[in-house]
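Student: FYI, in the working numbering the residues of the first sequence are -17 to 237. For glycine and all other residues, C-beta sits at the position ideal for the given N, C-alpha and C.
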Amino acid sequence: MKIATWNVNSIIARQPVVLKWLAKEKPDVLCLQETKCTNEKFPREGFEKLGYAVEAHGQPTYNGVAILSRKKCADVRRGFPEVEDPSHARLIAATVGGVRVVNIYVPNGQSVGSEKFKFKLEWLRRLREFFDEHYWADDRVLVCGDFNVAPEDRDVHDPDLWRGRILFSKPEKDALAEVKAWGFTDAFRLKEERGGFYSWWDYRTGAFRRNDGLRIDHVWVSEPLAEDCARAWIDKEPRGWERPSDHTPVVTEFK
DNA sequence: ATGGTGGATGGTCCA
């Protein structure tokens, strides 16, 4: 089974490149973040023609997540169990092919110390609690999405420039490490130890041309899935296409 | 120190 994640920065604006990539890569599951539209406005038809069912959890203008799947999705959950702030559509989960897929869009946090930064840390704390409440470490659980945190120096093009800044500050890395300590393994790091692989490049400053990127999009898996992980990689190609997202897909394959 | 670009939206907010 092939499972991928991609922050598309508006699914309406990005439908052409997402369709192109699906036709090329043919994943079983594609998790999307920053769809930026309501479930009613989600452009389903093109994806359904390619054989994908759409499970969306969106809102107007901001955030929004969705799962595209060739196989049937069961037990779809939208948001945390309690009454979540309805202005934040950031989590959708579904069971596909025996895997519990949790697709997340972690708050960006804007700048270290801001109100949005506090919200990001609190959201990550709640996420750890969510896994504690719902799953066992020997379940086949996969969490993927835009985590908005680069975990280590080798995930950042210039760690000394980024150290202490949003996406690479210690409180964020610590909060994300607490989620990981639930029992997750970074699928990408099972297959690649070197630095220089990124999933996001700022639109500004021509970052992509210089490969000035950060690895902030991740696929993490529980132990049973880690044992079955056959491949994991970042597909840089769509970042170079016409009218790209500022993120590119992260792809995994399981036996 | 600031701004650079892109998307939704219709003056700004967000990333």
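Determine, using beta carbons only, whether Leu32 and Leu1 come nearer to each other than 8 Å.
Tutor: On the first sequence, position 50 is the one that residue 32 refers to. On the first sequence, position 19 is the one that residue 1 refers to. Yes; because the gap between Cβ atoms is below 8 Å, this pair is in contact.
Student: Three Cβ pairs or more, each shorter than 8 Å: is that satisfied between the segment 101 to 110 and the segment 76 to 83?
Tutor: no
Student: Count the other CB atoms, across all protein chains shown, that sit within 10 Å of the CB of Asn193; report buried if there are 16 or more and exposed otherwise.
Tutor: Indexing the first sequence from 1 puts residue 193 at position 211. The residue is exposed, with fewer than 16 neighbouring Cβ atoms inside 10 Å.
Student: How would you label Ala76, buried or exposed, when you count the other beta carbons within 10 angstroms and need 16 or more for buried?
Tutor: Reading the first sequence from its first residue, position 94 is the one you call residue 76. The residue is buried, with at least 16 neighbouring Cβ atoms inside 10 Å.
Student: Just to confirm before moving on: does the CB-CB distance between Val232 and Asp199 stay below 8 Å?
Tutor: What you label residue 232 is simply residue 250 of the first sequence in a count that begins at 1. What you label residue 199 is simply residue 217 of the first sequence in a count that begins at 1. In terms of Cβ geometry, Val232 and Asp199 form a close pair [threshold 8 Å].
Student: Going by the CB atoms, is the gap between Phe166 and Ser204 shorter than 8 Å?
Tutor: Translated into positions along the first sequence, residue 204 becomes position 222. Translated into positions along the first sequence, residue 166 becomes position 184. With respect to Phe166, Ser204 sits close: the two C-beta atoms are nearer than 8 Å.
Student: I want to know whether the segment 14 to 24 touches the segment -12 to 0 - three or more CB-CB distances under 8 Å.
Tutor: yes
Student: Which residues does DSSP list as the beta-bridge partners of Arg59?
Tutor: Counted from its first residue, the first sequence places residue 59 at position 77. For Arg59, the beta-bridge partners assigned by DSSP are Ala75.
Student: Quick one: Cα of His139 to Cα of Phe236, how far?
Tutor: Within the first sequence, the letter at position 157 stands for residue 139. Within the first sequence, the letter at position 254 stands for residue 236. Between His139 and Phe236, the C-alpha separation is close to 29 Å.
Student: Per DSSP, which residues does Cys195 bridge with? Please list them.
Tutor: Along the first sequence, one-based indexing puts residue 195 at 213. The residue you asked about is not Cys; residue 195 is Gly in the sequence shown. Looking at the DSSP assignment, Gly195 forms a beta bridge with Trp183.
Student: Taking the continuous beta strand (DSSP E) assigned at Leu28, which residues delimit it?
Tutor: As a working note, residue 28 is residue 46 in the first sequence. The amino acid occupying residue 28 in the given sequence is Gly; Leu does not appear at that position. Here Gly28 belongs to no beta strand (DSSP E); instead the alpha helix (DSSP H) covers Arg26 to Lys31.
Student: Quick one, are the C-beta atoms of Ala241 and Leu172 less than 8 Å apart?
Tutor: Summary: the structure shown does not reach residue 241, with the chain confined to residues -17 through 237, and so no result is reported for it.
Student: Under 8 Å between the Cβ atoms of Gln92 and Lys98?
Tutor: As a first step, residue 92 is located in the first sequence; it is residue number 110 there, counting from the start. As a first step, residue 98 is located in the first sequence; it is residue number 116 there, counting from the start. With a cutoff of 8 Å on beta-carbon distance, Gln92 and Lys98 are scored as near each other.
Student: In this structure, does DSSP put Glu154 in helix, strand or coil?
Tutor: Along the first sequence, read from residue 1 onward, the residue named residue 154 stands at position 172. It is helical.
Student: Going by the DSSP bridge assignment, what does His200 pair with across the sheet?
Tutor: Against the first sequence, residue 200 aligns to sequence position 218. Beta-bridge pairing links His200 to Gly127.
Student: Report yes if the C-beta distance between Pro153 and Leu103 is below 8 Å; otherwise report no.
Tutor: Residue mapping note: residue 153 aligns to position 171 of the first sequence, counting from 1. Residue mapping note: residue 103 aligns to position 121 of the first sequence, counting from 1. Cβ distance < 8 Å, so Pro153 and Leu103 count as in contact.
Student: If you draw a straight line from the alpha carbon of Glu174 to that of Trp182, how long is it in whole angstroms?
Tutor: As a working mapping, residue 174 is identified with position 192 in the first sequence. As a working mapping, residue 182 is identified with position 200 in the first sequence. C-alpha separation (whole angstroms): 17 Å.
Student: What residues in its chain sit with their C-beta under 8 Å from that of Asp120, if we drop five residues either side in the sequence?
Tutor: Residue 120 sits at position 138 when you count from the first residue of the first sequence. Counting only Cβ-Cβ distances below 8 Å, and skipping sequence neighbours, we find Ser204, Glu205 and Pro206.
Student: Is it right to say Arg145 is buried, meaning 16 or more other beta carbons lie within 10 angstroms of its own, or is it exposed?
Tutor: Numbered from 1 along the first sequence, position 163 holds the residue referred to as residue 145. Arg145 should be labelled exposed.
Student: Shorter than 7 Å, the distance from the beta carbon of Glu209 to the closest heavy atom of the ligand SAM, or not?
Tutor: With respect to the ligand SAM, the structure offers nothing, as it holds no ligand at all.
Student: In this structure, how does DSSP classify His229 when only helix, strand and coil are distinguished?
Tutor: Translated into positions along the first sequence, residue 229 becomes position 247. Strand at His229.
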